[in-house]
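Q:
Number of protein chains: 2
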Amino acid sequence: MTTTRRLHTQQDMRRRNLAAVLYAVADGGPASRARVADRIGLTRTAVSTLVDDLLAAGLLAEAGLGHSGAPGRPGTVLALSDRGPCGLGAEIGVDHLAVCAVDLRGRVRARAAVDSANRGSQPGPVLARLAELVTHVHDEVTAAGLHPAGLRVAVPGLVSRDRAHVVQAPNLGWRDVDLTTGPLAAHAPPTADNEANLGALAELWIGDPVCRTGDVLHISAEIGIGSAILTDGRLLRGNRGFAGELGHVPVRRRGEPCACGGRGCLEQYAGEAALLRAVGLDPARAVADHPGPGARSAYLGGRARDGDPDVLRALRGAGTDLGIALTGATHLLDPHALVLGGALAVLAPWLLPSLTAELGRRLGTAPPLVVSRLGADGPLLGAAHAVTRAVLDDPLRTGAAPA
Amino acid sequence: MTTTRRLHTQQDMRRRNLAAVLYAVADGGPASRARVADRIGLTRTAVSTLVDDLLAAGLLAEAGLGHSGAPGRPGTVLALSDRGPCGLGAEIGVDHLAVCAVDLRGRVRARAAVDSANRGSQPGPVLARLAELVTHVHDEVTAAGLHPAGLRVAVPGLVSRDRAHVVQAPNLGWRDVDLTTGPLAAHAPPTADNEANLGALAELWIGDPVCRTGDVLHISAEIGIGSAILTDGRLLRGNRGFAGELGHVPVRRRGEPCACGGRGCLEQYAGEAALLRAVGLDPARAVADHPGPGARSAYLGGRARDGDPDVLRALRGAGTDLGIALTGATHLLDPHALVLGGALAVLAPWLLPSLTAELGRRLGTAPPLVVSRLGADGPLLGAAHAVTRAVLDDPLRTGAAPA
DNA sequence: GCCATTTCGTCAGGGCTATTTACAAATTAG
DNA sequence: CTAATTTGTAAATAGCCCTGACGAAATGGC
Numbered sequence: 001m002t003t004t005r006r007l008h009t010q011q012d013m014r015r016r017n018l019a020a021v022l023y024a025v026a027d028g029g030p031a032s033r034a035r036v037a038d039r040i041g042l043t044r045t046a047v048s049t050l051v052d053d054l055l056a057a058g059l060l061a062e063a064g065l066g067h068s069g070a071p072g073r074p075g076t077v078l079a080l081s082d083r084g085p086c087g088l089g090a091e092i093g094v095d096h097l098a099v100c101a102v103d104l105r106g107r108v109r110a111r112a113a114v115d116s117a118n119r120g121s122q123p124g125p126v127l128a129r130l131a132e133l134v135t136h137v138h139d140e141v142t143a144a145g146l147h148p149a150g151l152r153v154a155v156p157g158l159v160s161r162d163r164a165h166v167v168q169a170p171n172l173g174w175r176d177v178d179l180t181t182g183p184l185a186a187h188a189p190p191t192a193d194n195e196a197n198l199g200a201l202a203e204l205w206i207g208d209p210v211c212r213t214g215d216v217l218h219i220s221a222e223i224g225i226g227s228a229i230l231t232d233g234r235l236l237r238g239n240r241g242f243a244g245e246l247g248h249v250p251v252r253r254r255g256e257p258c259a260c261g262g263r264g265c266l267e268q269y270a271g272e273a274a275l276l277r278a279v280g281l282d283p284a285r286a287v288a289d290h291p292g293p294g295a296r297s298a299y300l301g302g303r304a305r306d307g308d309p310d311v312l313r314a315l316r317g318a319g320t321d322l323g324i325a326l327t328g329a330t331h332l333l334d335p336h337a338l339v340l341g342g343a344l345a346v347l348a349p350w351l352l353p354s355l356t357a358e359l360g361r362r363l364g365t366a367p368p369l370v371v372s373r374l375g376a377d378g379p380l381l382g383a384a385h386a387v388t389r390a391v392l393d394d395p396l397r398t399g400a401a402p403a
Numbered sequence: 001m002t003t004t005r006r007l008h009t010q011q012d013m014r015r016r017n018l019a020a021v022l023y024a025v026a027d028g029g030p031a032s033r034a035r036v037a038d039r040i041g042l043t044r045t046a047v048s049t050l051v052d053d054l055l056a057a058g059l060l061a062e063a064g065l066g067h068s069g070a071p072g073r074p075g076t077v078l079a080l081s082d083r084g085p086c087g088l089g090a091e092i093g094v095d096h097l098a099v100c101a102v103d104l105r106g107r108v109r110a111r112a113a114v115d116s117a118n119r120g121s122q123p124g125p126v127l128a129r130l131a132e133l134v135t136h137v138h139d140e141v142t143a144a145g146l147h148p149a150g151l152r153v154a155v156p157g158l159v160s161r162d163r164a165h166v167v168q169a170p171n172l173g174w175r176d177v178d179l180t181t182g183p184l185a186a187h188a189p190p191t192a193d194n195e196a197n198l199g200a201l202a203e204l205w206i207g208d209p210v211c212r213t214g215d216v217l218h219i220s221a222e223i224g225i226g227s228a229i230l231t232d233g234r235l236l237r238g239n240r241g242f243a244g245e246l247g248h249v250p251v252r253r254r255g256e257p258c259a260c261g262g263r264g265c266l267e268q269y270a271g272e273a274a275l276l277r278a279v280g281l282d283p284a285r286a287v288a289d290h291p292g293p294g295a296r297s298a299y300l301g302g303r304a305r306d307g308d309p310d311v312l313r314a315l316r317g318a319g320t321d322l323g324i325a326l327t328g329a330t331h332l333l334d335p336h337a338l339v340l341g342g343a344l345a346v347l348a349p350w351l352l353p354s355l356t357a358e359l360g361r362r363l364g365t366a367p368p369l370v371v372s373r374l375g376a377d378g379p380l381l382g383a384a385h386a387v388t389r390a391v392l393d394d395p396l397r398t399g400a401a402p403a
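Residue numbers (full-length UniProt numbering), protein chains in the order written: chain A, 1 to 403; chain B, 1 to 403.
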């Protein structure tokens, strides 16, 4: 940043104020123009002109008069439109595909999913199957009067900075896959992002409110153990987009060697494969026996619920090791809360005792541990919401209703 | 943030554009109005009016005509004023006090320091001694035509959110000290910040350029081992302001118990006290023998330079343990670079071999390791620059020259 | 030395944005 | 029914930046 700091023009100001109005309604609920003006600190006049633009663009809708009981003329209630733009989110998991659509109000308006063995697959056919699902969801919401404003795809891997390419997805066996030229291109310019990141953003946007009140470390386990650092309402991505690799934080000085090149990585003790091995199962075999998102976790959870001592011991150990890694992360980040998402949310009942014990022992006062309520849906919902968020952030550019 | 997003009014836009002009000159060097306009993307007309305000406020100064050799009328060169506002920075160390003043151009215009045994001291007398130094520096820069715009104090401890109080400074033995009512109050509303944070910000603002190109983890050791996470040009402070406690990241699963309540903390193996013990010295005794900022590090560095095998072995071990902690931090943050500051910069020649070896072993490709060139001056300079930065960020509010 | 060319800084006019002020409309309280 | 209160809009105003034009001050070729 030698020079050229961000430009601050009048259009910029207008754009931000339009976004401010939308977020005032999104965060604070439906309200009259005057109430919105109070919330964002502009005058009623200014808000009126902003609202006019947003009504014309189909982002806001008037929802009748709001009789509050107090004296004075009642205001016309403004709400985010449920027939305006919507976001399409897709997910490419190792053994399933899913698509959903959410409207500006955050409601899921359509969804579709199929099992699909994507590990070591060719991108073409997988994307073709996904495109079918997208078409299905697209048609459904279009029939409901919504206009898809974009498509974001959650992938278990690294994504290029412009979000157009999947740079590397080890568990799929993909390298350098261009989404914009494949079968997905038909609907909207498709964009990709990492599934763990989208899961964390979902937590920030529609999950536990604690994520909105301060910095948070969001831990999720799907195949590996990932995490995401939410600071100041944004995601810390790091230099190459690799930030959050909690699974490779060392928890034993001279422990098991790991595929990452290190040794004693958390993943060797608390990862899915390690848990399966610890209860005497072959990881590859277990995946074949229990395909689908979260299936192994559900299986382990089931055995834990039945009181299986091997599983309970394995989960206890994993919680302890997770506690060591999170002790380090907490000292480094001083987060407002630790959020367990994905498979960890499912297994939380049996991880939490040893995890909280270890954190308490080492930290004295540990940040509150929160279990996500989004579960395995996080990445998919995050993808769809990323699209609607982009519309809210820059209403007139992306949000204009088709003529 | 239920409601009330940031307000975007015309005054805001103006303020940012004023700041953009100043930063264009600060980062890109002196330049004509037309050149500044090119840099920040505004028109020459707009820049002219902005510059008029900044000249009137005494923040910019015209420095004659710039004959470039190219055809065309030469522009009048604009530079940051060296007689305008300046920043006062102060530092309360465990065994010294220091004050300096920097002008808008970043030059140190005055400084003063004294040794002072502040460990376990009463705040009153210490602040009184510091106030004397401040007065001295203040008078010196005032004589040079500068106007101190504020005073920031670097303290080895935790500071309240409004920067008015020292909440806790264990190494000084201070709790809840209000700076605004003490002897410092005479000069300007004094504000405090943590010394490690200010050291990292100094690195960001005037240190290695790598800190300005991406996220960076800045590691410093004064008494403990601290660090600071610089992301997106800002400092990640965490929930309570405790972020960056690298010294208490566990590096041994069942290691030495630590005063923090944990065990196996990095500080037990790579901290100053641990190093001194490892070479057979009593830490308290060593502090008495070698008072002053960085004195123990300098002493150890001296013995290392002489080839003392005990010291070399201790530093080698510290480098390895630091490498383990930084492996975890790197996986978590994926920083653009790791910067060694403070005492670590002094000892870097003997820490680096084992540190880089450990990082290379565990990470494959580690982020570049950079040794700070600011050394022990970082926090003090950061404090002074924090004041001038605040002036640049909001020129007309804080920067107006006294009438 | 003189003129064309180029660049710099400024002035006048205009557009966009939000604010101020005023007012009609719609409700409650008495 | 009247007074009080709140809402939404209209007209006028102020602030900020942009466009277009112009004089000023340099270079370069003749």
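Glycine included, each C-beta is placed from N, C-alpha and C at the ideal position.
Keep in mind that this is a model prediction, so the values were computed, not measured.
Closer than 9 Å by beta-carbon distance: list the chain A residues that pair up with B:P335, in chain order.
A: In chain order: G238, N239 and A243.
Q: Which runs of the alpha helix (DSSP H) at least 4 residues long sit entirely within the stretch 157-221 of chain B? Give them in chain order.
A: Listed in chain order, they are 195-206.
Q: If we cut at 8 Å on Cβ distances, does A:A259 have a partner in chain B?
A: Closer than 8 Å: no.
Q: The beta strand (DSSP E) with B:A112 in it runs from where to where?
A: B:A112 -> beta strand (DSSP E) spans V108 to D115.
Q: Given a limit of 7 Å on CB to CB distance, which residues of the stretch 309-329 of chain A reach chain B?
A: Here the close residues are I324, T327, G328 and A329.
Q: Between the C-alpha atoms of A:R39 and A:D162, what's the straight-line distance to the nearest angstrom?
A: Whole-angstrom Cα-Cα distance: 34 Å.
Q: Could you give the distance in angstroms between the alpha-carbon of B:G341 and the alpha-carbon of B:S220?
A: When rounded, the distance between both Cα atoms is 5 Å.
Q: Under 8 Å, do A:L230 and A:N194 count as touching if we go by C-beta distance?
A: Cβ distance not < 8 Å, so A:L230 and A:N194 don't count as in contact.
Q: DSSP three-state label for B:A128, please.
A: In the structure shown, B:A128 sits in a helix (DSSP, three-state: H, G or I).
Q: Give me the chain A residues within the contact set of B:V51, using Cβ-Cβ distance strictly less than 9 Å, ordered along the chain.
A: Here the premise fails: no neighbours, minimum Cβ distance about 16 Å.
Q: Just the chain A side, please: which residues come within less than 9 Å of B:V251 by C-beta, in chain order?
A: Neighbours of B:V251 on chain A, chain order: P250, R253 and G328.
Q: Verify whether the separation of the beta carbon atoms of residue 448 of chain A and A:V141 is less than 8 Å.
A: Here chain A has residues from 1 to 403 only, and residue 448 of chain A is not among them.
Q: Roughly how many angstroms lie between the CA atoms of A:P353 and B:N197, to the nearest whole one?
A: For A:P353 and B:N197, the distance between alpha carbons rounds to 35 Å.
Q: Shorter than 8 Å from the beta carbon of A:L215 to some beta carbon of chain B?
A: Note that residue 215 of chain A corresponds to Asp in the displayed sequence, not to Leu. Output row for A:D215: interface = yes.
Q: Just mark B:A101 as buried or exposed, buried being the case when its beta carbon has 16 or more other beta carbons within 10 Å.
A: By the neighbour-count rule (16 or more Cβ atoms within 10 Å), B:A101 is buried.
Q: Using only alpha-carbon positions, find the residue among B:S32, B:L184 and B:L130 that is nearest to B:S116.
A: Minimum Cα distance to B:S116 is reached at B:L130.
Q: Does A:A70 pass the burial test, meaning 16 or more other C-beta atoms within 10 Å, or should it be called exposed?
A: Result: exposed.
Q: Suppose contacts are defined by Cβ-Cβ distances below 8 Å. Is A:G173 in contact with A:G224 by that definition?
A: Not closer than 8 Å, so no.
Q: Can you grab the Cα-Cα spacing for the pair B:V391 / B:R397, in whole Å?
A: Near 8 Å, if we compare the C-alpha coordinates of B:R397 and B:V391.
Q: Where DSSP assigns a beta bridge to B:I90, which residues make up the other side?
A: Ile is not the amino acid found at residue 90 of chain B; the sequence shown has Ala there. Paired residue(s): B:V99 and B:V153.
Q: Can the beta-carbon of B:L59 be found less than 8 Å from the beta-carbon of B:G84?
A: Cβ atoms of B:L59 and B:G84: closer than 8 Å.
Q: Which stretch, first to last residue, makes up the beta strand (DSSP E) that contains B:I229?
A: It spans I225 to T231 - the beta strand (DSSP E) in which B:I229 sits, taken as one unbroken run.
Q: Output yes if chain A places a C-beta closer than 8 Å to the C-beta of B:P71; else output no.
A: So no, B:P71 is outside the interface.
Q: Using a cut-off of 7 Å between C-beta atoms, extract the partners of A:Y17 located in chain B.
A: Note that residue 17 of chain A corresponds to Asn in the displayed sequence, not to Tyr. The answer, in chain order, is H8.
Q: For B:H136, count neighbouring C-beta atoms within 10 Å of its own C-beta (all shown protein chains included) and say buried if the count is 16 or more, exposed if not.
A: It is exposed - the Cβ of B:H136 has fewer than 16 other Cβ atoms within 10 Å.
Q: Evaluate A:V251 with the Cβ neighbour count: other Cβ atoms within 10 Å of its Cβ, from every protein chain shown; 16 or more gives buried, anything less gives exposed.
A: By the neighbour-count rule (16 or more Cβ atoms within 10 Å), A:V251 is buried.
Q: Examine chain A for any beta-carbon lying closer than 8 Å to the beta-carbon of B:H67, and answer yes or no.
A: No - not a single Cβ of chain A is within 8 Å of the one on B:H67.
Q: Rounded to whole angstroms, what's the CA-CA distance from A:M1 to A:A143? Just pull it up for me.
A: Confidence in A:M1 is poor, its pLDDT being 34 and thus under 50, which makes the residue's placement unreliable; the coordinate value appears in the next sentence. The straight-line gap from Cα to Cα measures roughly 47 Å.
Q: Kindly list the residues whose CB is nearer than 8 Å to the CB of B:T388, restricted to its own chain and excluding five residues on each side of it in sequence; keep chain order.
A: The residues are P85, C86, G87, V102, D103, L104, G106 and A149.
Q: Find out if the Cβ-Cβ distance for the pair B:T320, B:L363 is shorter than 8 Å.
A: Their beta carbons are not under 8 Å apart, which means B:T320 does not touch B:L363 by this criterion.
Q: Examine chain B for any beta-carbon lying closer than 8 Å to the beta-carbon of A:R362, and answer yes or no.
A: Closer than 8 Å to some Cβ of chain B, the Cβ of A:R362 qualifies, so yes.
Q: Just checking: is the beta-carbon of B:Q11 within a distance shorter than 8 Å of some beta-carbon in chain A?
A: Chain A, which has no Cβ nearer than 8 Å to the Cβ of B:Q11, makes this no.
Q: Enumerate, from N- to C-terminal direction, the unbroken beta strand (DSSP E) stretches of 3 or more residues contained entirely within the stretch 259-315 of chain B.
A: Segments of the beta strand (DSSP E) lying fully in the stretch 259-315 of chain B: there are none.
Q: Please tell me whether B:P367 has its Cβ less than 8 Å away from any Cβ of chain A.
A: At least one chain A Cβ lies under 8 Å of B:P367.
Q: Straight-line CA distance for B:D82 to A:L381?
A: Rounded to the nearest angstrom, the two C-alpha atoms are 54 Å apart.
Q: Taking the C-alpha atoms as reference points, what is the distance between A:A34 and A:H67?
A: Distance between the alpha carbons of A:A34 and A:H67 is about 14 Å.
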